[in-house]
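Peer 1: Protein sequences, first through last, are from chains G and B.
Residue 220 in my numbering sits at position 210 of the first sequence; the count goes up by one each step and never skips.
Residue 492 in my numbering sits at position 51 of the second sequence; the count goes up by one each step and never skips.
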Amino acid sequence: MSPPNNIPYIPSRLDSKVLYEYAGKLLLAKELPLNTPLLQENFTKIPSIKRTLFYQECLRCGNRQSHLFGKIPCAGCNKIHSYCRNCIEMGRVLECEPLYYWIGKEPIWPVFDSPLTWRGTLSKYQLEASKRIVQAVNRLEKELLIWAVCGSGKTEMLFHGIEAGLKQGKRICIATPRADVVRELKPRVQAAFQEVPVQALFAGSDERAGSAPVIIATTHQLLRYVKTFDIMIIDEVDAFPYHHDSTLLFAVNRAKKEKSTTIYLTATPRKNLQMKVAFHRLPHIFVPVRYHGKPLPVPKLRLCFSLKKDLKQNQIPEILKEWLTLRANPNRQVLIFVPTISLANAFAEKHEEFQQLGFISITSVHSEDPLRIEKINQFRSREIDLLVTTTILERGVTFPSVDVIIVDAGHTVFDEAALVQIAGRAGRSSADPTGEVIFLHDGKTEAMASAVRSIEMMNRRGGF
Amino acid sequence: MNCLWCHEAIILDVNWLNILIPSVPRNLCDTCASNLEKINGKRCRKCSRIANIEVCEDCTKWEKYYQGYDVLEFNYSIFQYNEHIKKIIAKWKYRGDYELGNIFNETFKQEFVKKFSHLKNAVVVPIPLSRERLEERCFNQAEMLADFLQIPKVDILTRVHGEKQSKKTRQERIISKNPFSIQQNLNKYAILVDDIYTTGTTLRHAAKLLQMNGCPRVFSYTLVRG
């Protein structure tokens, strides 16, 4: 239905497809199709960068930091003006171009009578949490924290809550900071709701419209939405970079409606959430037991005096080698967490040393690795038996049977949440519900101590 | 100062030297700077590709193509093409993060002095963008690079809108029509400036046109040898 070149294209009314695609969005001029006056009537222009006496603010991403604004001699308007460098991956916000803000009517989203096609069963604790989510959705509660230990089956707990929302024709968004997690969630959610359109939005995804009732998106993608979602589910609230980056919080808060339900999911709530829970400002439900009903493996601390020296020379510490040979169950695969990318690569190059210890294929993976998805899949299918990784595998991934060791657990990248999450990689399947977790360090840190404490606390609350 | 690429704060180590002489502010942190690889050692005299022979195969082909009189005297590039610089260039050019160009400011100036300062009365000619592309990007990366240099810049070329070079194959590039046109004659040495030398076709198209309009010798100076 492409319009002829010089005659403006005027549809009699916005058809529902267009309506679903553009309702509730905040777009750049370039993202709005030309020749659609009716569509443009539904948008109002707002300035893109606000200037005050002391700061500038990008009205798309909320950035106010001066070093994240650049100056550009613009060929469009022949002036030197600002642009936002913070959200440039989502398209450049120029001071001379307005943002387009949806003011049209909200479309009526389809009501599904029985959208859930998932037929699995939930454990006792999962069921409890699931019921609580349904209740929160039905009563339009503002916030709910699901504090569920690693490997408790968080996604399955959500299904009934999503079902309850879809039955009322609500719009649902599952937001997570990492594109990898979006990629993994999409097929699971789609399989559970086979009749419902589900779209995954992340940088480089082929679905761009964002017109489905259920959206799974990285938090960055939410910058394109304003007051759109009735139910906002935030997976891994505490994950890096979410708890550092105020942009993402800004995006999430703006993308949800004034009357909406926000559900936070995490295994390791940060201090601010824990405080809110302690002061009864945030309703929460605690899921202390993994879906297979076994306790979380408690990390063991191993002191290694030569650690700093070894790592400086890119050598494998003796204690690590010793542990690799003396593991209780040598059939398990091994995940070695290291603090930096360069160390990960250096370790993975030492094939021979690891081969002497009985490992056949060794590789490393990190955030800048173009083959990381393939490597993770190979590890999952047991083609790789030892994987050296940075913190990118700390959460959101499941391997059935692994032992985990953190080399230099005292490094600042391993904060309490990271340590708890990493420890949660072990013993995730019911076939092998235990696994060794070792923190190799050269001086115990507060983060290590509190990680062990909080894992023990969770096990205690789970009745172990 | 924050690193232009990773946004981390750049903290200078204090030593006697920078207590006495304030150091030049850098706009890239050490880690990011170390990911940029300069072209060192032996390179092709004509196109700056890393090579053990004096003139590489492709340049011999160009020589033949122009029956021994290659329109482009030589190309000089600073950086090797690697994943890191690819990302920087993509964000700078295609995403339009203008400030990222400043990463190359100092190096671009320094290397220019080393390689081209013996040419007297030369002018720089940045490779233009088509009007449509310029409207889309709001700035021309070649022009930005040319502005770093201290010698006069002339904008006498214009470009007709066409498909992006980076979307074409090598063969398609080489046989493609000359996309440039020229407004006036130029009787000085010209140094063409662009961000990247890939096959050399674009630069030769421009060089050909300059030569036909009175320019005695044409050189090119590019940031990256693709």
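All C-beta atoms, glycine included, are put in the ideal place defined by N, C-alpha and C.
Quick caveat, the model's predicted, so the values are computed rather than measured.
Tell me, please, whether the CB atom of glutamate 449 of chain B is closer than 8 Å to any CB atom in chain G?
Peer 2: Closer than 8 Å: no.
Peer 1: Valine 144 of chain G: which of G:Asn341, G:Ile273, G:Asn339 and G:Tyr301 sits nearest, CA to CA?
Peer 2: When each option's Cα is compared against that of valine 144 of chain G, the closest is G:Ile273.
Peer 1: Measure the CB-CB distance between leucine 336 of chain G and valine 344 of chain G and report whether it falls below 8 Å.
Peer 2: Contact: no.
Peer 1: Would valine 236 of chain G pass as a contact of alanine 265 of chain G if the rule is Cβ separation under 8 Å?
Peer 2: A contact, by the Cβ cut-off of 8 Å.
Peer 1: Can you check which of these residues, G:Leu330, G:Asp379, G:Val262 and G:Ala139, is closest to isoleucine 486 of chain G by C-alpha distance?
Peer 2: Nothing can be reported for residue 486 of chain G: it is not among the residues displayed for chain G, which extend from 11 to 474.
Peer 1: Rounded to a whole number of angstroms, what is the C-alpha to C-alpha distance between lysine 141 of chain G and leucine 258 of chain G?
Peer 2: Each residue's Cα considered, the two are about 28 Å apart.
Peer 1: Is the separation between the beta-carbon of glutamate 246 of chain G and that of valine 191 of chain G shorter than 8 Å?
Peer 2: Yes, they are a contact pair.
Peer 1: Using C-beta distances below 6 Å, list every residue in its chain close to leucine 590 of chain B, excluding the 5 sequence neighbours before and after it, in chain order.
Peer 2: Result list for leucine 590 of chain B: Phe553 and Val565, in chain order.
Peer 1: Does the beta-carbon of threonine 401 of chain G have 16 or more other beta-carbons within 10 angstroms, so that it is buried, or is it exposed?
Peer 2: Threonine 401 of chain G comes out buried.
Peer 1: From the DSSP secondary-structure annotation, give me the bridge partner or partners of histidine 294 of chain G.
Peer 2: The partner list for histidine 294 of chain G (beta bridge, DSSP) reads G:Leu155.
Peer 1: Taking the C-alpha atoms as reference points, what is the distance between asparagine 523 of chain B and glutamate 478 of chain B?
Peer 2: When rounded, the distance between both Cα atoms is 8 Å.
Peer 1: Is it true that the stretch 175-186 of chain G meets the stretch 208-225 of chain G, where meeting means three or more beta-carbon pairs spaced less than 8 Å apart?
Peer 2: Contact holds: three or more Cβ-Cβ distances are below 8 Å.
Peer 1: To which residues does DSSP link arginine 484 of chain B through a beta bridge?
Peer 2: According to DSSP, arginine 484 of chain B bridges with B:Ile491.
Peer 1: What in chain B is Cβ-close to glycine 80 of chain G, meaning under 8 Å?
Peer 2: Asp538, Tyr539 and Glu540, listed in chain order.
Peer 1: Which residue spans inside the stretch 485-560 of chain B form an unbroken alpha helix (DSSP H) run of at least 4?
Peer 2: DSSP runs (the alpha helix (DSSP H)) wholly in the stretch 485-560 of chain B: 498-506, 524-530 and 546-557.
Peer 1: With a 10 Å radius around its C-beta and 16 neighbouring C-beta atoms as the bar for buried, classify glutamate 105 of chain G as buried or exposed.
Peer 2: Buried, since its Cβ has 16 or more Cβ neighbours within 10 Å.
Peer 1: Take the Cβ of proline 567 of chain B as the centre, count every other Cβ of all protein chains shown within 10 Å, and call the residue buried at 16 or more, exposed below.
Peer 2: Buried, since its Cβ has 16 or more Cβ neighbours within 10 Å.
Peer 1: My output table needs one value for aspartate 596 of chain B: the three-state DSSP class, helix, strand or coil.
Peer 2: Residue state, collapsed to three classes: coil.
Peer 1: For the stretch 588-644 of chain B, list the beta strand (DSSP E) runs that are entirely contained and at least 3 residues long, ordered along the chain.
Peer 2: Within the stretch 588-644 of chain B, the complete beta strand (DSSP E) runs of at least 3 residues are 598-600, 621-623 and 631-638.
Peer 1: Tell me, which residues are paired with isoleucine 346 of chain G by DSSP?
Peer 2: In DSSP, isoleucine 346 of chain G forms a bridge with G:Val398 and G:Ile415.
Peer 1: Here's a check: name, in chain order, each residue in its chain whose Cβ is nearer than 8 Å to the Cβ of asparagine 493 of chain B, leaving out the five neighbours to either side.
Peer 2: Lys483.
Peer 1: Pick helix, strand or coil for glutamine 50 of chain G, following the three-state DSSP scheme.
Peer 2: Glutamine 50 of chain G: helix per DSSP, three-state reduction.
Peer 1: According to DSSP, what are the bridge partners of phenylalanine 239 of chain G?
Peer 2: Answer by DSSP bridge pairing, in chain order: G:Lys266.
Peer 1: Where arginine 218 of chain G and glycine 175 of chain G are concerned, what is the direct C-alpha to C-alpha distance, given to the nearest angstrom?
Peer 2: If you take the alpha carbons of arginine 218 of chain G and glycine 175 of chain G, they lie about 23 Å apart.
Peer 1: Report the residues of the stretch 562-596 of chain B with a CB closer than 7 Å to any CB of chain A, ordered along the chain.
Peer 2: Absence of chain A from the displayed structure is noted, the protein chains being G and B.
Peer 1: Residues of chain B with CB under 9 Å from isoleucine 98 of chain G, in chain order?
Peer 2: Within chain B, the residues near isoleucine 98 of chain G are Lys532, Arg536, Gly537 and Asp538.
Peer 1: Look at valine 262 of chain G and leucine 311 of chain G and say whether their C-beta atoms are less than 8 Å apart.
Peer 2: Taking 8 Å as the Cβ cut-off, valine 262 of chain G and leucine 311 of chain G do not qualify as a contacting pair.
Peer 1: Considering only C-alpha positions, which residue in the set G:Glu31, G:Lys134 and G:Phe424 is nearest to tryptophan 554 of chain G?
Peer 2: Here chain G has residues from 11 to 474 only, and residue 554 of chain G is not among them.
Peer 1: Classify leucine 455 of chain B: buried if its beta carbon has 16 or more other beta carbons within 10 angstroms, exposed otherwise.
Peer 2: The sequence as given places valine at residue 455 of chain B; leucine does not occur at that position. Exposed, since its Cβ has fewer than 16 Cβ neighbours within 10 Å.
Peer 1: Assign arginine 475 of chain G to one of three DSSP states: helix, strand, or coil.
Peer 2: Look at the range of chain G in this structure, 11 to 474, and you will see that residue 475 of chain G is not part of it.
Peer 1: Look at the alpha carbon of glycine 80 of chain G and the alpha carbon of asparagine 96 of chain G, and state the distance between them as a whole number of angstroms.
Peer 2: So the alpha carbons of these two residues sit roughly 10 Å apart.
Peer 1: Any contact of the stretch 539-546 of chain B with the stretch 442-457 of chain B, i.e. 3+ C-beta pairs under 8 Å?
Peer 2: They touch, by the three-pair rule.
Peer 1: For a cutoff of 8 Å on Cβ pairs, would you count asparagine 443 of chain B as touching chain G?
Peer 2: For asparagine 443 of chain B, the answer is yes, since a Cβ of chain G falls inside 8 Å of its Cβ.
Peer 1: If proline 309 of chain G sits next to phenylalanine 449 of chain G, beta carbons under 8 Å apart, how far is it from one beta carbon to the other, in whole angstroms?
Peer 2: Contact flag correct, Cβ pair sits at about 5 Å.
Peer 1: When you check each C-beta in the stretch 57-85 of chain G against every C-beta of chain B, which residues fall closer than 8 Å?
Peer 2: Against chain B - using a Cβ distance shorter than 8 Å - the residues of the stretch 57-85 of chain G are His77, Leu78, Gly80, Lys81, Ile82, Pro83, Cys84 and Ala85.
Peer 1: Of all the CB atoms in chain B, is at least one closer than 8 Å to the CB of leucine 345 of chain G?
Peer 2: Not an interface residue.
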